[in-house]
Amino acid sequence: DMLPRPKRWIVNLVLKKVKKMVPAWRIDGAVRFRTALARGAGTRLEPVEVLREDIAFLQYTGGTTGVSKGAMLTHRNILANLEQTGIWISGSFEEGAEVVIAPLPMYHIFCLTSTLSFMKWGSLTVLITNPRDLPALVKEMGNWKFTTMTGVNTLFNGLLNTPGFAELDFSTLKVVVGGGAAVQKPVAERWQQVTGHCLTEAYGLTETSP
């Protein structure tokens, strides 16, 4: 309630959507989001010197290889990765003109890195909070002349089998990147048939930002 009205409205909307998606839970000692916001609003931000060698993220990884572990990524790691991806997409991207469909969770290194890369270009990113609702995702995609999209093989396959997807306007599409796991050849081939654009497979390790 301490937030300005516009910001409070946005926070309430996000909380309502999250409440529908998250099952009942309990963690002893947890601090509620509203409480954290209220505490933060009553404090003063003290500037901190951030060096390139300082840790930026403890990016958790290992879901496919064993027990999850936090990869220590520095600001230098992330910045170097943004330069790499920036050079790769510089051939077709225009600053401040791209519209990106981002249906992956931000806690995943693939979505985090790609979203930061697109921000560097001043792109408009449409963050999809619940990509499992494929009909809603297709409906949202229909609202935008999107030029870029990130995703995983299962998502692309699901979209190809969702009514209405084939009728979307793909005329402005430039780059579609699949990561997280291998993109299957049948999915890539059908994607190209339906959209008229190639599905590019990305590869990287979370430990290398990626």
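So the sequence shown is numbered by my numbering: it starts at 4 and just counts up by one.
Ideal Cβ positions, reconstructed from N, Cα and C, are used throughout, including at glycine.
*List the DSSP bridge partners of residue 27.*
For this step, residue 27 is matched to residue 24 along the sequence shown. Partner(s): none; residue 27 has no beta bridge.
_CB contact flag (residue 198, residue 64, <8 Å)_ = As a position in the sequence shown, residue 198 is number 195, starting the count at 1. As a position in the sequence shown, residue 64 is number 61, starting the count at 1. Against a cut-off of 8 Å, the Cβ pair of residue 64 and residue 198 comes out as no contact.
*Determine contact between the region 107-120 and the region 140-158, defined as no fewer than three beta-carbon pairs at a distance below 8 Å.*
yes
*Roughly how many angstroms separate the alpha carbons of residue 37 and residue 93, rounded to a whole number?*
Start at 1 with the first residue of the sequence shown, and residue 37 comes out as number 34. Start at 1 with the first residue of the sequence shown, and residue 93 comes out as number 90. Answer to the nearest angstrom: the Cα atoms are 41 Å apart.
*Ordered along the chain, which non-local residues of its own chain (more than five positions away) have a Cβ less than 6 Å from that of residue 182?*
As a first step, residue 182 must be located in the sequence shown, where it is residue number 179. For residue 182, where only same-chain residues beyond five positions count, the Cβ hits under 6 Å are 113, 205.
*Could you check the C-alpha separation between residue 77 and residue 56 for me, to the nearest Å?*
Taking the first residue of the sequence shown as 1, we reach residue 77 at position 74. Taking the first residue of the sequence shown as 1, we reach residue 56 at position 53. Near 6 Å, if we compare the C-alpha coordinates of residue 56 and residue 77.
*asked:* Below 8 Å on the Cβ atoms is my contact criterion, and I expect residue 103 with residue 127 to pass it. Report the Cβ-Cβ distance as a whole number of Å.
replied: Along the sequence shown, read from residue 1 onward, the residue named residue 103 stands at position 100. Along the sequence shown, read from residue 1 onward, the residue named residue 127 stands at position 124. About 7 Å separates the two Cβ atoms, so the contact holds.
*Close Cβ partners of residue 187 (< 8 Å) along its chain, the five nearest in sequence each way excluded*: Working through the sequence shown from its first residue, we reach residue 187 at position 184. Cβ within range, chain order: 156, 160.
_Restricting to runs no shorter than 3 residues, where is the beta strand (DSSP E) found entirely within the region 94-180?_
102-105, 127-130, 151-154
*Any idea if residue 98 is buried or exposed, counting beta-carbon neighbours within 10 angstroms, 16 or more meaning buried?*
Start at 1 with the first residue of the sequence shown, and residue 98 comes out as number 95. By the neighbour-count rule (16 or more Cβ atoms within 10 Å), residue 98 is not buried but exposed.
*Alpha carbon of residue 142 to alpha carbon of residue 158, nearest angstrom*: Mapped onto the sequence shown, residue 142 falls at position 139. Mapped onto the sequence shown, residue 158 falls at position 155. So the two alpha carbons sit approximately 15 Å from each other.
*Could you work out which residue in 148, 162, 51, 207 is closest to residue 184 when comparing CA atoms only?*
Position 181 of the sequence shown, counted from the first residue, corresponds to residue 184. The shortest Cα separation from residue 184 among 148, 162, 51, 207 belongs to 207.
*Nearest CA to the CA of residue 60: which residue from 30, 111, 29?*
Residue 60 sits at position 57 when you count from the first residue of the sequence shown. Ranking 30, 111, 29 by Cα distance to residue 60 puts 111 first.
*Using 8 Å as the Cβ pair cut-off and three pairs as the minimum, do the region 119-138 and the region 79-96 touch?*
yes
*Going by CA-CA distance only, name the one from 213, 175, 53, 138 that's closest to residue 167.*
Here residue 167 is taken as the residue at index 164 of the sequence shown, counted from 1. Nearest option by C-alpha distance: 138.
*Report all residues from its chain with a CB closer than 8 Å to the CB of residue 195; omit the five preceding and five following residues, and keep chain order.*
Numbered from 1 along the sequence shown, position 192 holds the residue referred to as residue 195. Excluding positions up to five away in sequence, the list reads 201, 202.
*With C-beta atoms as the reference, is residue 81 less than 8 Å away from residue 212?*
Against the sequence shown, residue 81 aligns to sequence position 78. Against the sequence shown, residue 212 aligns to sequence position 209. Going by C-beta atoms, residue 81 is nearer than 8 Å to residue 212.
*In terms of DSSP beta bridges, what is residue 204 paired with?*
Along the sequence shown, one-based indexing puts residue 204 at 201. Note: residue 204 sits in a beta bridge opposite 181.
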